[in-house]
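Protein sequences appear in the order of chains U and A.
Anchor point for the first sequence: position 42 equals 42 in my numbering, and the numbering is continuous, going up by one each time.
Add 338 to a position in the second sequence, counting from 1, and you land on the number used in my numbering.
Ideal Cβ positions, reconstructed from N, Cα and C, are used throughout, including at glycine.
First up is the structure itself, then whatever we jot down about it.
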Amino acid sequence: MEQSGKSSPAIAVRGLVKKYSKAKTKAVDGVSFEVSGGEIFGLLGPNGAGKTTTIGVLTTAIVPTEGSASIMSVDVTRDPISVKQRIAVVPQQSNLDRSLKVREILTFHAAYHSVPRKVREALADKLLDELGLGDRKNEKVSRYSGGMAQRLMIARALMHEPDVLFLDEPTNNLDPQSRLFLWERIREMNARGLTILLTTHDMDEADKLCHRIAVMDHGKILVNDTPAELKKLIPGGTVLEVRAYVAGGGEHVGEAVSKALNAIPGVAKVELVDEKGAADASDNAGTLSFRVYGEAANTLIGPAAQAVLTAGAQVRDLSVKQPSLEEVFIFLTGRHLR
Amino acid sequence: MGDNERRQGRTLLALNAFFAILQRDIKVTGREFLPFLLQALMQPLFFLFIFGKVLPGIGLASGNFAALMLPGIVALTGMIAAMQGVTLPLVLDLGFAREIDDRLLSPLPVWWVALEKVMFGAIRGVIASSVIFPLGWLILGNGFAVRDDRIPVLIGMVLLTGCVGSTIGLLMGTVIKPDQISLMFTLIFTPLLFTGCTYYPWGALRNIRWFQVLTLFNPLTYAAEGLRYSMVPPIGGHNFPTLGIGWILLLLGVSVVTMFVLGTRTFLRRVVT
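Shown next as structure tokens:
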């Protein structure tokens with residue numbers, strides 16, 4: 001399809017900075033990346049990482065403070081009209097036109113983009129069938145479920161045959177079945193040559209869908225690589241999770257455990273994980289969670305248990321984790337993603 | 339493609355988008371045409387009946403009061419219909435519905451989306467104004483009197499009144515936050531309604547000088563006076579005295595341009611950060 005290095009990228013972002021007038025910190029702080037044509041590229045990060053602002057700049061809704069961005073070699077600030085012709089956006093929350101019927105939402109969108117009447121009528125019917133909405137095309141969207149609205153927004157996005165599709169948290173708030181259906185559609189659209197940039201805070205989604213992922217936090221890109229390469233960032237490639245109970249929740253004991261774990265031969269790094277955002281935050285207080293990175297994590301189980309006891313804490317749980325993007329994120333930031 | 343061709347292509351794209359968006363608004367209104375008419379015409383209908391029929395009928399107003407008030411009702415109806423067509427949808431859209439996003443992402447300059455809203459609002463205003471004429475003829479009976487030698491001015495005034503209303507609507511729609519809607523309507527609509535020389539001719543205010551001066555700050559005054567100029571038949575061979583038509587046209591033009599520029603500015607600030 002493309003000869004590497006010669007053809008220009010579908011999306012190019014260089015030194016992007018966005019500071020909102022009232023904010024103290026920069027929402028996006030020096031972000032640069034490129035997405036080649038035909039790629040599925042993921043922007044991964046917690047809420048407030050700067051993903052939506054980055055998409056906002058690329059879709060002409062936000063003017064960058066510094067830096068530049070282009071779509072199909074067209075600069076987004078200099079020629080927004082040509083950019084809008086080439087892109088489509090599926091936002092996090094429904095912005096479907098509630099005054100129109102479902103099919104009209106598609107045909108009017110296409111009319112806004114100068115798609116000839118015959119073409120848009122046929123394409124609307126085809127897309128509605130493909131996305132499983134064919135038998136409810138004369139209703140108004142107010143009767144649609146969240147999943148159906150999401151599919152309709154995707155159909156709408158495809159009506160003017162864009163080169164680049166932006167999906168902002170596409171499967172957020174969807175039930176598992178709708179999620180799988182959507183993943184299938186995303187892969188299909190990509191297989192037809194569409195370049196896709198999606199944001200998500202779902203590691204699993206990023207891992208399964210994206211060819212390449214940029215991990216964002218505090219407005220910066222921490223790493224940008226294929227999922228397989230990202231997982232190799234974990235030293236030794238494996239992780240041992242140690243959960244220890246410290247009576248009274250003393251900080252000193254936490255430090256002591258950390259030190260003791262670090263002293264085990266073969267351990268590359270120990271991280272005390274901030275449990276605030278984790279799902280099990282409501283667990284009894286005083287339980288600390290450590291990530292122990294090293295080669296052959298399974299051989300570290302015994303020494304780790306010993307180390308915890310020596311440091312004056314009790315072992316709650318020991319488990320070997322498969323390297324996942326979640327682990328990569330924790331390794332990079334010391335925090336859970338959600 | 340040369341640079342020139344590309345620019346031409348873009349202009350054509352933008353024009354297509356503009357008219358498709360206008361068509362969308364017209365289609366939606368057309369589908370709810372009866373509710374739209376009821377909303378626009380209920381108030382003028384009763385005003386015409388009470389002030390044009392009942393009050394003269396019981397001797398509380400003189401016979402030609404209806405002829406003086408009809409232009410005021412035409413102005414008020416057109417202006418409010420135009421404002422309503424723009425303000426409320428914009429407040430909701432910019433506040434939380436974001437249905438406008440699809441139009442903002444269409445290949446046209448963002449300010450054209452505001453221009454389309456204004457044009458659509460003006461069309462609504464013109465339709466509502468126009469319906470007052472048959473309505474007035476039906477309700478006022480003998481009291482219905484419109485001079486027929488200033489029709490071009492009349493048409494111009496009806497169009498201009500629609501534009502005045504929709505540009506004010508644009509500014510209001512971009513400034514007001516959803517949670518302020520009812521308060522702002524009371525604070526803006528009510529004074530606009532009663533200081534706009536709709537129910538009384540401007541010249542008759544000469545004994546209440548301060549109020550006469552105050553009404554000059556309301557664009558509705560010029561709309562009502564302009565319509566009076568083009569509608570009220572001469573009495574005893576004398577034209578009914580109104581504000582000068584030159585001033586009227588000039589100040590309405592100034593109002594349209596000012597409101598549009600201010601409204602577009604806040605609109606852009608709301609949609610592009």
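Give a yes or no on whether 9 angstroms exceeds the smallest Cβ distance from residue 359 of chain A to chain U. yes
Looking at the secondary structure, which residues open and close the alpha helix (DSSP H) in which residue 49 of chain U lies? Neither: residue 49 of chain U is in no alpha helix (DSSP H) and is coded neither H nor E.
Anything in the segment 363 to 388 of chain A with a Cβ closer than 7 angstroms to a Cβ of chain U? List those residues in chain order, please. 366
Name the residues in the segment 442 to 474 of chain A whose C-beta lies less than 9 angstroms from a C-beta of chain U; which are they? 442, 443, 444, 445, 446, 447, 448
Run through DSSP, which three-state label would residue 576 of chain A get? Strand.
Closest Cβ-Cβ distance between residue 436 of chain A and chain U: below 9 angstroms? Residue 436 of chain A counts as touching chain U.
Cβ neighbours of residue 403 of chain A in the same chain (closer than 8 angstroms, five flanking residues each side left out): 389, 390, 393, 394
Nearest-angstrom Cα distance between residue 54 of chain U and residue 169 of chain U? Answer to the nearest angstrom: the Cα atoms are 13 angstroms apart.
Would you kindly report the start and end of the unbroken alpha helix (DSSP H) that includes residue 190 of chain U? DSSP places residue 190 of chain U inside the alpha helix (DSSP H), whose first and last residues are 176 to 191.
With 16 as the cutoff for other CB atoms within 10 Å, does residue 376 of chain A come out buried or exposed? exposed
Distance between residue 171 of chain U and residue 201 of chain U (C-alpha atoms, nearest Å): 10 angstroms
Cutting at 8 angstroms between CB atoms, please list the residues of its own chain near residue 203 of chain U, excluding the five before and the five after it. 44, 324, 325, 326, 329, 337
Would residue 281 of chain U be called buried (16 or more neighbouring beta carbons within 10 Å of its own) or exposed? Annotation note: pLDDT 46 at residue 281 of chain U (below 50); position unreliable, coordinate value reported separately. Label assigned to residue 281 of chain U: exposed.
With 8 angstroms as the C-beta to C-beta threshold (strictly closer), list the residues of the segment 52 to 66 of chain U near chain A in chain order. 56, 59, 60, 61, 62, 63
Just checking my contact of residue 34 of chain U with residue 211 of chain U at CB under 8 angstroms: how many whole Å lie between their CB atoms? In fact, because the Cβ distance is near 13 angstroms, the residues do not count as touching under 8 angstroms.
Exposed or buried, which one is residue 114 of chain U when buried takes at least 16 other CB atoms within 10 Å? buried
Do you know how far the Cα of residue 108 of chain U is from the Cα of residue 140 of chain U? 14 angstroms
Backbone secondary structure at residue 84 of chain U - three-state DSSP: helix
Proximal chain A residues relative to residue 133 of chain U, where beta-carbon distance stays under 9 angstroms: The contacting residues do not exist; residue 133 of chain U stays about 17 angstroms from chain A at best.
Starting from the Cα of residue 372 of chain A, find the closest Cα among A:462, A:432, A:430 and give me that residue. A:462
Which residues in the same chain have their Cβ closer than 6 angstroms to the Cβ of residue 478 of chain A, if we skip the five residues on either side of it in sequence? 390, 404.
Who are the near neighbours of residue 276 of chain U in its chain, counting only those whose CB is closer than 7 angstroms to its CB and skipping five residues on each side? Note that residue 276 of chain U scores 45 on pLDDT, short of 50, meaning its location in the model is unreliable and no value can be drawn from it.
Residues sharing a beta bridge with residue 314 of chain U, DSSP: Note: residue 314 of chain U sits in a beta bridge opposite U:245.
From the DSSP output, which residues share a beta bridge with residue 269 of chain U? U:293
Excluding the five sequence neighbours on either side, which residues of its own chain have a C-beta within less than 8 angstroms of the C-beta of residue 105 of chain U, listed in chain order? 96, 97, 141, 152, 156
Please look up how many angstroms separate the CB atoms of residue 542 of chain A and residue 112 of chain U, rounded, as I've assumed it's under 8 angstroms. Incorrect: roughly 50 angstroms between the Cβ atoms, too far for contact.
Less than 9 angstroms between the beta carbons of residue 466 of chain A and residue 416 of chain A, yes or no? yes
Inter-residue spacing [alpha-carbon to alpha-carbon] between residue 422 of chain A and residue 65 of chain U: 36 angstroms
With contact counted as at least three CB pairs below 8 angstroms, one residue from each stretch, are the segment 560 to 570 of chain A and the segment 525 to 538 of chain A in contact? yes
Using beta-carbon positions only, say whether residue 83 of chain U and residue 71 of chain U come within less than 9 angstroms of one another. yes
For residue 536 of chain A, write down the residues that DSSP places opposite it in a beta bridge. Answer is none; residue 536 of chain A lacks a bridge partner.
For chain U, is any of its Cβ atoms less than 9 angstroms away from the one on residue 350 of chain A? yes
At a CB-CB cut-off below 9 angstroms, which residues of chain U make contact with residue 354 of chain A? 111, 112, 113, 114
Selection of the segment 63 to 89 of chain U by Cβ proximity to chain A, strictly under 7 angstroms: 63, 81, 82, 84, 85, 89
Which residues in the same chain have their Cβ closer than 6 angstroms to the Cβ of residue 314 of chain U, if we skip the five residues on either side of it in sequence? 245
From U:208, U:242, U:10, U:239, residue whose alpha carbon lies closest to that of residue 228 of chain U: Closest in alpha carbon position to residue 228 of chain U, among U:208, U:242, U:10, U:239, is U:208.
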